[in-house]
Amino acid sequence: MSNYGHLCSGPEESICLAYLIPHSISELTTILEDPAYEFLNSTLDGEDFLCVGKFGQSSQNTSCLMFASQRMLQYMSLPDSPVLEVLSDANFCVPVVLDGRQLRNICTIRRNHVIVLVRFLMQSKSEVCYKVCLEALKVIVPDFKPRTVMYDFESAQCNAWETVYPLATLSGCLFHRSKVSWCDKTYVISVLAVLQFLVKKPYIVAIALHAQELGLVPLIRANETVDSIVCSLCALALLPVDSLVTGLECISNRCYEEGLFDTMEPMLNYMLRTWFQQDCMRRLSVYGCADRTSNACESANATFASACGTKKPSVYTFLCKFII
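Numbers 1 to 324, taken from UniProt numbering, label the letters of the sequence shown in order.
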């Protein structure tokens with residue numbers, strides 16, 4: 001580690017100038033575990049600490065640093081734990097000098113408030129790194145047994161959740177799922193107006209992007225029937241899992257009846273190929289989910305990013321806005 005130097009300004013500058021800069025998750029862990037720097041690791045009331053510890057191996061690109069107060073860990077361990085439904089999303093507001101790729105938050109909603117349960121500063125976004133994080137969580141909080149997990153439809157993360165918490169029901173965020181699939185900004189806004197009663201940020205963006213790739217946007221704008229069919233595709237995720245195939249068949253039959261099957265066949269094939277594979281279908285439906293998106297986590301991420309004031313904060317700005 002080298003001298004910090006003049007790498008930050010503002011309220012944190014007096015703190016920054018006196019300490020060393022960590023250049024890895026391991027070095028940051030060393031600082032946070034040093035009693036001389038415990039104020040960097042303490043909660044606002046000074047009664048608790050946030051750095052749980054480092055897990056994984058830097059040499060294997062699986063290093064992660066876990067943050068959670070002891071009180072929060074106890075809350076997650078209550079016999080009749082209210083933490084049964086959790087949401088997971090990433091924040092990329094991470095210091096450049098660290099070897100971290102993202103800050104992964106696991107949140108819950110309690111009495112209409114977003115509660116960040118635990119955060120992981122992760123070296124990579126690999127499935128192995130996700131497993132290291134979740135296995136560490138399971139060891140630290142063995143009584144934490146989430147019933148449902150809403151995540152940002154990332155296969156590496158999904159596989160890790162399924163491996164470590166096999167009894168949890170997984171569902172991809174309605175918003176993130178949409179980002180995978182007709183997207184013209186003006187058109188998306190018009191569809192949002194139609195479907196705003198469903199979710200604040202629906203998964204239609206994904207289908208919208210793919211419809212744009214297929215050149216369907218002009219036809220969608222000009223033909224109300226095509227528009228209605230695509231909107232129906234957007235709403236499939238709201239059906240129960242065992243009704244998804246029937247729902248898609250109904251839409252396909254409507255395409256035949258309206259004489260639009262040849263036009264819509266590429267879109268229907270996309271739905272079959274992308275969303276109706278067996279391993280994906282059970283995660284496609286958000287039917288019965290208390291939360292259909294991970295927007296609560298997005299809100300926590302936005303609050304933290306706003307506090308940092310930059311996408312790539314200095315280490316001690318990161319700590320002052322996050323840890324203290």
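Glycine included, every Cβ here is placed at the ideal spot set by N, Cα and C.
Asked	Found
Going straight from the alpha carbon of V286 to that of P22, what length do you get?	42 Å
Using the three-state DSSP reduction, which class does F67 fall into: helix, strand or coil?	strand
Less than 8 Å between the beta carbons of I207 and L233, yes or no?	yes
Report back the beta-carbon spacing between L28 and L137 to the nearest angstrom; my notes put them in contact at under 8 Å.	Not really, about 19 Å apart at Cβ, beyond 8 Å.
Would you check whether the ligand GTP has a heavy atom nearer than 7 Å to the C-beta of I229?	Annotation note on the ligand GTP: not contained in the displayed structure, which lists no ligands.
Distance check for N253 and G172, CA to CA, integer angstroms please.	27 Å
Between which two residues does the beta strand (DSSP E) harbouring K54 extend?	C51 to F55
Are the Cβ atoms of N105 and D89 separated by less than 8 Å?	yes
Counting only the same chain and skipping the five closest in sequence on each side, list residues whose C-beta sits under 8 Å from that of I25.	K54, S58, S63, C64, L65, L98, D99, G100, L121 and Q123
Excluding five sequence neighbours on each side, which residues of the same chain lie with their C-beta closer than 7 Å to the C-beta of K131?	A160, T163 and V164
For a test of the three-state rule: what should DSSP assign to R147, helix, strand or coil?	coil
Just the C-alpha distance for R110 and G215, rounded to the nearest angstrom, thanks.	44 Å
Which residue marks the beginning of the alpha helix (DSSP H) containing N253, and which one marks its end?	L244 to E257
Quick one: is P313 buried, meaning 16 or more other Cβ sit within 10 Å of its Cβ, or exposed?	buried
Let's see if you can read the secondary structure: which residues bound the alpha helix (DSSP H) around D279?	Q278 to L284
So F120 is in the alpha helix (DSSP H); what residue range does that whole segment cover?	Segment H113 to M122 is the beta strand (DSSP E) holding F120; no alpha helix (DSSP H) there.
For E298, which option in N61, C93, L44 and N41 has the closest C-alpha, if you only look at C-alpha atoms?	C93
Would you call H113 buried or exposed, if buried means 16 or more other Cβ atoms sit within 10 Å of its Cβ?	exposed
Return the residue from the list R282, T317 and K321 that minimises the CA-CA distance to A300.	K321
Beta-carbon separation of V116 and C107 under 8 Å?	yes
Have a look at L239 and G247 and give me their C-alpha separation to the nearest angstrom.	8 Å
State the Cα-Cα distance for the pair Q70 and M76, rounded to the nearest angstrom.	10 Å
Skipping 5 residues on each side, what residues in its chain have a beta carbon closer than 6 Å to that of W275?	L284
Could you give the distance in angstroms between the alpha-carbon of E47 and the alpha-carbon of P95?	27 Å
Grab the span of the beta strand (DSSP E) containing Q102 for me, first residue to last.	Q102 to R110
Should F39 be labelled buried (16 or more other beta-carbon atoms within 10 Å of its own) or exposed?	exposed
How would you write the range of the beta strand (DSSP E) that V141 sits in, first residue to last?	Segment: none, V141 is in no beta strand (DSSP E) and carries neither H nor E.
Quick one: is T310 buried, meaning 16 or more other Cβ sit within 10 Å of its Cβ, or exposed?	exposed
Pick helix, strand or coil for L167, following the three-state DSSP scheme.	coil
Can you look up V86 in the DSSP assignment and give me helix, strand or coil?	strand
The alpha helix (DSSP H) spanning E33 covers which residue range?	I25 to E33
So which of M264, V315 and C308 has the shortest CA-CA distance to I251?	M264
Can you give the Cα-Cα distance for K125 and E257, rounded to whole angstroms?	45 Å
Helix, strand or coil for N91 per DSSP?	strand
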